[in-house]
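Enquirer: The structure follows.
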Amino acid sequence: MGEIEAQEAWGFDTRAIHAGQEPDATTGAVVPPISLSTTFAQEGVGNTKGFEYSRSGNPTRNAYETQIAALEGATHGLAFASGLAAEDNILRLFQAGDRVLLGNDAYGGTYRLISKVHTHLAWTAVDLLDVDVVASNWPDDTKVVWLESPTNPLLRCFDIEAISALAHERGAVVVVDNTFATPYLQQPLALGADIVVHSATKYLGGHSDVVGGFVAVNDPEISLQLRFTQNAAGAVPAPFDCYLALRGAKTQAVRMDRHCTNARAIVDVLVGHKAVERVFYPQLPDHPGHSAAAKQMSDFGGMVSFTLRGGRAAALRVAAATELFTLGESLGAVESLIEHPAHMTHASAAGSPLEVPDNLLRLSVGIETASDLVADLAQALEHA
Ligand code: P1T
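The structure is reproduced here in structure tokens:
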């Protein structure tokens, strides 16, 4: 069995710990060394040991790219300096006038990048829940469907397999932002998506100590184009950041199991609570896209959102009253966070089709002791 075949046969946890991480050939170090060198000696012009200049390729980045590609079931992985840098590189694949069909719930920064930076592209925000409705309203110039599932912050889930089949029939590619799901819970390429993108800042790194982005693909042609832009535009992560993300990703499976269990305990506090208007969590049977989530995810994730009956003021009071849930942007790390999307992560979507309700709070449920998180949220809700 060749190396690639052997890695494909490994389970998820084994790939997280061993893919791209053979003991160092020189020293036997079991942890990939952090290669800080910006340049690599050449024996003669063009005669290299595989590396020339660190923007174009770096051993630590190689190890990390191999690891995460293996987790996504992808043949190619590319690391970037941030999630938005990764998205920016993907958007450069398209030509002026090409249309992006963007799911109408998504990270505010993604909306800002598409609508305010890549202004040569056309875009339409659509509700992707009902694939038949999407098919009958399909703009002919669509070249890419861009979706998150679950979405940020309403956690809507879309049928990736059905959307990919439709897009391919109509000549478009599908980009899935898998940040909220993680490769442990959902693997979009196996469902037919063409490109997977991550904010590695979140569950991949998992410890709120590194900003990064990642793209995983199977198509060699798309991979070549992305590799060209990664080098030509240069938004690469530093070796130390690659090391941090690689280190964090080793424990993804055990972290995600706990994130999911803790999220369920939090949902139990929220459902039926007198201060709470509505709870958003993909496991709830009436949640938008619950059946797609049940079909394509192995569990429902660590993110929970909810609206307050008392409106914006009540939401702000609850956000100020938690102690273990730290008030802050970002998500997907070991510590629990709470935030008010309308004024924080999604402020740039105000007045757009992606605007979020201002009585909404979003929780990134961490891996602390569940009963402590439950007690903290319960006391904060008394302030609603
Ligand atoms: O922050 P950065 O690493 O550049 O990733 C951007 C990004 C991309 N995709 C999704 C689904 C995201 O949630 C993000 C970043 N989101 C936050 C910072 C947040 O708190 O929602």
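Residue numbering for the sequence shown follows our numbering, beginning at 122 and increasing consecutively. Don't be surprised by glycine CBs; every beta carbon is placed ideally from N, CA and C.
1) Check whether the segment 254-266 and the segment 213-233 touch, using three or more Cβ-Cβ pairs below 8 Å as the test.
2) Considering only the alpha carbon of each residue, which of Val336, Ala499, Thr159 lies closest to glutamine 308?
3) With distances taken between CB atoms, is the gap from methionine 424 to phenylalanine 301 smaller than 9 Å?
4) Please determine whether the Cβ atom of threonine 300 lies at a distance below 8 Å from any heavy atom of the ligand P1T.
5) Going along the chain, which residues of its own chain have a beta-carbon closer than 7 Å to the beta-carbon of leucine 250, five neighbours each way excluded?
6) On the three-state DSSP scale, how would you describe alanine 130?
7) Between the alpha carbons of isoleucine 316 and glutamine 500, how many angstroms are there, rounded?
8) For glutamate 456, I'd like the list of residues in its chain whose CB is within less than 6 Å of its CB, leaving aside the five on either flank, ordered along the chain.
9) Using DSSP with H/G/I as helix, E/B as strand and the rest coil, what is histidine 319?
10) Rounded to a whole number of angstroms, what is the C-alpha to C-alpha distance between tyrosine 324 and alanine 454?
11) I need the DSSP call for aspartate 298, collapsed to helix, strand or coil.
12) Are there 16 or more other CB atoms within 10 angstroms of the CB of glutamine 163, so buried, or fewer, so exposed?
13) Assuming aspartate 330 contacts leucine 365 under a Cβ cut-off of 8 Å, what Cβ separation, rounded to an integer in Å, is found between them?
14) Between the segment 476-490 and the segment 414-428, can you find at least three pairs of beta-carbon atoms closer than 8 Å?
15) Between Leu494, Ile387, Leu452, which lies nearest to leucine 405 when the distance is taken from Cα to Cα?
16) So the alpha helix (DSSP H) threonine 350 belongs to, where does it begin and stop?
17) Within the segment 416-480, note down every full alpha helix (DSSP H) run reaching 4 residues or more, in order along the chain.
18) Excluding sequence positions up to five away, which residues of its chain have a Cβ less than 6 Å from the Cβ of phenylalanine 172?
19) Throw me the rounded Cβ distance for the isoleucine 235 and leucine 212 pair, which I believe falls under 8 Å.
20) Could you give the distance in angstroms between the alpha-carbon of methionine 122 and the alpha-carbon of threonine 382?
21) For glutamine 351 and alanine 434, what's the separation of their Cα atoms in angstroms?
22) Strictly by DSSP, which residues pair up with glutamate 186?
23) By DSSP, does glycine 167 sit in helix, in strand, or in coil?
24) Roughly how many angstroms lie between the CA atoms of valine 477 and leucine 391, to the nearest whole one?
25) Under the DSSP definition of a beta bridge, which residues are partnered with glycine 174?
26) Determine contact between the segment 286-305 and the segment 147-158, defined as no fewer than three beta-carbon pairs at a distance below 8 Å.
27) For glutamate 269, write down the residues that DSSP places opposite it in a beta bridge.
28) Looking at the ligand P1T, does it come within less than 8 Å of threonine 466, judged from the CB to the closest heavy atom?
29) Evaluate the contact criterion for the segment 338-352 versus the segment 371-380: three or more CB pairs, one atom per stretch, below 8 Å.
30) So, using beta-carbon positions, are alanine 396 and arginine 430 closer together than 9 Å?
31) Which of the three DSSP states, helix, strand or coil, is assigned to arginine 376?
32) Are alanine 314 and serine 473 close, meaning C-beta to C-beta below 9 Å?
33) For alanine 336, list the residues DSSP reports as bridge partners.
Expert: Looking at the coordinates:
1) yes
2) Val336
3) yes
4) Yes.
5) Arg277, Phe279, Pro409, Gly410
6) helix
7) Taken atom to atom, the span from the alpha-carbon of isoleucine 316 to that of glutamine 500 is near 42 Å.
8) Around glutamate 456: Gly487.
9) strand
10) So the alpha carbons of these two residues sit roughly 6 Å apart.
11) The answer is strand: DSSP assigns aspartate 298 an E or B state.
12) So glutamine 163 ends up on the exposed side.
13) 6 Å
14) yes
15) Of the residues Leu494, Ile387, Leu452, the one whose Cα lies closest to the Cα of leucine 405 is Ile387.
16) Unbroken alpha helix (DSSP H) run through threonine 350: 341-354.
17) 432-442
18) Phe161, Gly178
19) 7 Å
20) Caution applies to methionine 122, whose pLDDT of 45 falls short of 50 and renders its modelled position unreliable; the value that the coordinates give is listed next. Cα to Cα, methionine 122 sits roughly 37 Å from threonine 382.
21) If you draw a straight line from the Cα of glutamine 351 to the Cα of alanine 434, it is about 44 Å long.
22) Its beta-bridge partners do not exist; DSSP assigns none.
23) coil
24) 19 Å
25) Checking the displayed sequence, the identity of residue 174 turns out to be tyrosine instead of glycine. Looking at the DSSP output, tyrosine 174 shares a beta bridge with Thr160.
26) The segment 286-305, when compared against the segment 147-158, does not touch it at the 8 Å Cβ threshold.
27) Asp298
28) Flag set: Cβ of threonine 466 near the ligand P1T.
29) no
30) yes
31) helix
32) no
33) Alanine is not the amino acid found at residue 336; the sequence shown has valine there. DSSP lists Leu199, Val318 as partners of valine 336.
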